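Numbering (the working numbering), first residue to last: 162 to 448.
What follows is the structure, encoded as structure tokens:
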């Protein structure tokens, strides 16, 4: 199921409008839909629920702290990084919807075991963004991207993973904070669903999200100020001045988790930036 036109829930009353219902309605109204995308998205939602459960019980189940290793990006691996990565892989590999996966935690692509069918989609993910915030109970998240495979059949390859962002079928994230929120788009609108932990379902809570034209905050790690180019330092100083848009200084809000900082900016408006510096001349964030 890949949408070919804009669509919104037909009823203004969103009570009981679950993520499953939302996806199924889109499937019914999409010509040629096979249900593969629906099944894949259900697997992603299941992974989000499972990771949320682990995150919210982290302090009680000995999954805080580091494992004594670094990942392919040179970052220290947290116990929850490993668990979240395993959850994503296990939820996605068996459904027959995916031909190959890639994770920030793995140096190479993640093949689908030979005894499972190989599907037509490719999923790439960061299982736990912001893991340095795990031990202090700050918001963290999961980021995912879905593409159609480019190879004809069988096991997926690196070629399937190395595609342009413009070829994405869908993308989104799951934010684990004061509540668990799944936000996604297939290119025709952005929708958010909040997890009811008692029911175990994601319910539509943010329909057709549009970022406000102007916000009041900026998100940037000012600890790197001395490493920025002069133009970037001047720009940030301007944001904090009376000459900023709206005639008053922007307030700084920075969590250090891309999902959390981006979600706040998406909902309330404002600016998110991670400028290049002496240590990271091409920037640090990876999409």
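A virtual CB, placed ideally from N, CA and C, is assigned to each residue, including glycine.
No experiment lies behind these values; they were computed from the predicted model shown.
(message) Spatial neighbours of residue 263 within its chain, please: C-beta separation below 6 angstroms, excluding the five flanking residues on both sides.
(response) These residues qualify, in order along the chain: 270, 285, 322.
(request) Determine the direct distance from the alpha carbon of residue 356 to that of residue 441, and round the result to whole angstroms. (result) Roughly 36 angstroms separates the two Cα atoms.
(request) Answer yes or no: do residue 258 and residue 277 have a C-beta to C-beta separation smaller than 8 angstroms? (result) Against a cut-off of 8 angstroms, the Cβ pair of residue 277 and residue 258 comes out as no contact.
(request) Would you mind giving the Cβ-Cβ distance between residue 370 and residue 352, rounded to the nearest angstrom? I have them listed as a contact below 8 angstroms. (result) Approximately 7 angstroms separates the beta-carbon atoms of residue 370 and residue 352; this is inside 8 angstroms, confirming the contact.
(request) May I ask you to verify whether the stretch 240 to 259 touches the stretch 194 to 214, counting CB pairs closer than 8 angstroms and requiring at least 3? (result) Pairwise C-beta distances place the stretch 240 to 259 in contact with the stretch 194 to 214, as three or more of them are shorter than 8 angstroms.
(message) For residue 295, which residues in the same chain have their Cβ closer than 7 angstroms to its Cβ, ignoring the five residues on either side in sequence?
(response) Cβ neighbours of residue 295 beyond the five flanking positions: 219, 225, 239, 241, 301.
(message) On the DSSP bridge list, what partners appear for residue 287?
(response) Beta-bridge analysis with DSSP links residue 287 to 304.
(request) Select from 248, 272, 418 the residue whose C-alpha is nearest the C-alpha of residue 288. (result) Selected option, being the one with the closest Cα: 248.
(request) Could you check which residue in 338, 327, 260, 198 has the C-alpha nearest to that of residue 422? (result) It is 338 whose Cα lies nearest to the Cα of residue 422.
(request) Look at the Cβ atom of residue 180, then the Cβ atom of residue 208, and state whether they are nearer than 8 angstroms. (result) No, these two residues do not count as a Cβ contact at 8 angstroms.
(message) In the DSSP assignment, the beta strand (DSSP E) including residue 365 goes from what residue to what residue?
(response) In this chain, the beta strand (DSSP E) harbouring residue 365 covers 362 to 367.
(request) Give the straight-line distance between the Cα atoms of residue 255 and residue 198, rounded to the nearest whole angstrom. (result) Distance between the alpha carbons of residue 255 and residue 198: 14 angstroms.
(request) Write down the C-beta distance between residue 446 and residue 419 rounded to the nearest angstrom, noting that I regard them as a contact closer than 8 angstroms. (result) Their Cβ separation, rounded to whole angstroms, is 6 angstroms, which keeps residue 446 and residue 419 in contact under 8 angstroms.
(message) Just to confirm the assignment: which complete beta strand (DSSP E) runs, minimum length 3, are found wholly within the stretch 232 to 269?
(response) Annotation note: the stretch 232 to 269 contains the following uninterrupted beta strand (DSSP E) runs of length 3 or greater, listed N- to C-terminal: 237 to 239, 259 to 264.
(message) Which residue marks the beginning of the alpha helix (DSSP H) containing residue 467, and which one marks its end?
(response) The chain is shown from 162 up to 448; residue 467 falls before or after that span and cannot be answered.
(message) Using a 10 Å radius around the Cβ and a threshold of 16 neighbouring Cβ atoms, would you call residue 204 buried or exposed?
(response) Counting of Cβ neighbours within 10 angstroms places residue 204 among the buried residues, the total reaching 16 or more.
(request) Under the assumption that residue 431 contacts residue 398 (Cβ atoms under 8 angstroms), give the Cβ distance between them as a whole number of angstroms. (result) About 17 angstroms; that fails the 8 angstroms criterion.
(request) Note down, in chain order, each residue of its chain lying with its Cβ closer than 6 angstroms to the Cβ of residue 343, except the 5 sequence neighbours on either side. (result) For residue 343, where only same-chain residues beyond five positions count, the Cβ hits under 6 angstroms are 209, 335, 354, 363.
(message) Rounded to whole angstroms, what is the Cα-Cα separation between residue 380 and residue 392?
(response) One C-alpha to the other measures close to 17 angstroms.
(request) Evaluate residue 275 with the Cβ neighbour count: other Cβ atoms within 10 Å of its Cβ, from every protein chain shown; 16 or more gives buried, anything less gives exposed. (result) By the 10 Å Cβ count, residue 275 comes out exposed.
(request) Over the uninterrupted beta strand (DSSP E) stretch that includes residue 355, give me the two end residues. (result) Per DSSP, the unbroken beta strand (DSSP E) holding residue 355 starts and ends at 351 to 357.
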